[in-house]
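Each remark here refers to the structure printed beneath this line.
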Amino acid sequence: MTETSAPQFVHYIPIATTALSAVFCGILLNRYRVKGKGAHLLWWAGGIFCYGLGTGLESAITLLGNSPALNKGWYIAGALLGGYPLAQGSVYLLLPRRTANVLSLLTVPFIIVFSVLVVLSPVNLEALQAFRPSGKVLGWSWIRAFTPIINMYAVVFLIGGAMLSAVRFAQRVGTGHRAVGNALIAFGALLPGIGGSMTKFGYVEWLYVCECLGLLFIWAGYACCVRRPAPAVEQVRDVALAA
Numbered sequence: 000m001t002e003t004s005a006p007q008f009v010h011y012i013p014i015a016t017t018a019l020s021a022v023f024c025g026i027l028l029n030r031y032r033v034k035g036k037g038a039h040l041l042w043w044a045g046g047i048f049c050y051g052l053g054t055g056l057e058s059a060i061t062l063l064g065n066s067p068a069l070n071k072g073w074y075i076a077g078a079l080l081g082g083y084p085l086a087q088g089s090v091y092l093l094l095p096r097r098t099a100n101v102l103s104l105l106t107v108p109f110i111i112v113f114s115v116l117v118v119l120s121p122v123n124l125e126a127l128q129a130f131r132p133s134g135k136v137l138g139w140s141w142i143r144a145f146t147p148i149i150n151m152y153a154v155v156f157l158i159g160g161a162m163l164s165a166v167r168f169a170q171r172v173g174t175g176h177r178a179v180g181n182a183l184i185a186f187g188a189l190l191p192g193i194g195g196s197m198t199k200f201g202y203v204e205w206l207y208v209c210e211c212l213g214l215l216f217i218w219a220g221y222a223c224c225v226r227r228p229a230p231a232v233e234q235v236r237d238v239a240l241a242a
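Given below as structure tokens:
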């Protein structure tokens, strides 16, 4: 194991992100309870839960020190589950229910298989740092080549879907708040990806900052979309967390 110096202040940011994720997840579950329907809300709540799980493991690494188990758990929660459930929620909102079910049947096994491979992978102890999780710890380095596929899925349906909704709502009278909300969600979903790309160069601190800011932007977008009922105009399928 390398790097034995104490964690810096920025390493404690995931603790706040985890707490925020727990509250946000509760809000989404409560909205599902009130509406009594909405598979997309359950997927989004699951996505925020996984978001908080990833930052919770980062918090544990900061407080307890890194270990192969914590590092692998972080990789599964962050790299494999970071944006997938949120994207799948958008799939259920953008596409017909049958198509969304088919995509779930195709993608969920993919996630499960690679999660198991991460667990089974040998560990490169030389790459294990005391307070910085990294995908380089996985001895089967080829596993990391498949994470961009999952990330691209999230980019297409979560970020792309939110941008598409932002454009559509911007073109309609009385739905400007939802246009802004979707734009905030798209930007917020983009930030963790930017931070994650920095971890490849050893700058995990950028990931911690981007995760926290990304969650705040997504939450702000949600708040914009649900602040008041939509006016009586032609309804558009929304990929915002407000639907």
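Each residue of the sequence shown is one higher than the one before, starting from 0 at the first, in numbering that gives the first Met the number 0.
All residues carry an ideal CB built from backbone N, CA and C; glycine is no exception.
Predicted model only: the values in this text are computed from it and were never measured.
- Per DSSP, the unbroken alpha helix (DSSP H) holding Leu63 starts and ends at 38-63.
- Selection Tyr74, Leu40, Thr61, Ile26 evaluated against Thr198 yields Tyr74 as nearest (Cα-Cα).
- Counting C-beta atoms within 10 angstroms of its own C-beta, Thr54 has 16 or more neighbours from the protein chains shown and is therefore classed as buried.
- Counting C-beta atoms within 10 angstroms of its own C-beta, Lys34 has fewer than 16 neighbours from the protein chains shown and is therefore classed as exposed.
- For the pair Ala188 and Ala178, the CB atoms are not nearer than the 8 Å cut-off.
- For Trp205, the enclosing alpha helix (DSSP H) has its first and last residue at 203-225.
- Here Phe8 is exposed. Its C-beta has fewer than 16 other C-beta atoms within 10 Å.
- Scanning the region 124-166 from its first residue to its last, the whole alpha helix (DSSP H) runs of 4-plus residues come out as 146-153.
- Scanning Val172, Thr17, Asn65, Ala153 for the CA closest to the CA of Ile184 turns up Ala153.
- Where Phe200 is concerned, there is no enclosing alpha helix (DSSP H), because DSSP gives it neither an H nor an E.
- According to the DSSP assignment, Arg96 belongs to the alpha helix (DSSP H) that extends over 96-119.
- Under a 10 Å Cβ-count criterion, Pro132 is classified as buried, with 16 or more other Cβ atoms of the shown protein chains found around its own Cβ.
- Judged by DSSP secondary structure, Gly77 falls outside any alpha helix (DSSP H); it is assigned neither H nor E.
- DSSP places Arg30 inside the alpha helix (DSSP H), whose first and last residues are 12-34.
- Going by C-alpha positions, His10 is about 20 Å away from Phe48.
- For Val122, the pairing in a beta bridge is given by DSSP as Leu137.
- Annotation for Pro84: the continuous alpha helix (DSSP H) segment containing it runs 83-93.
- The count of Cβ pairs closer than 8 Å, one atom from the region 142-159 and one from the region 67-87, reaches three, so the stretches are in contact.
- Looking from the CA of Ala21, the closest CA among Trp43, Thr174, Leu124 belongs to Trp43.
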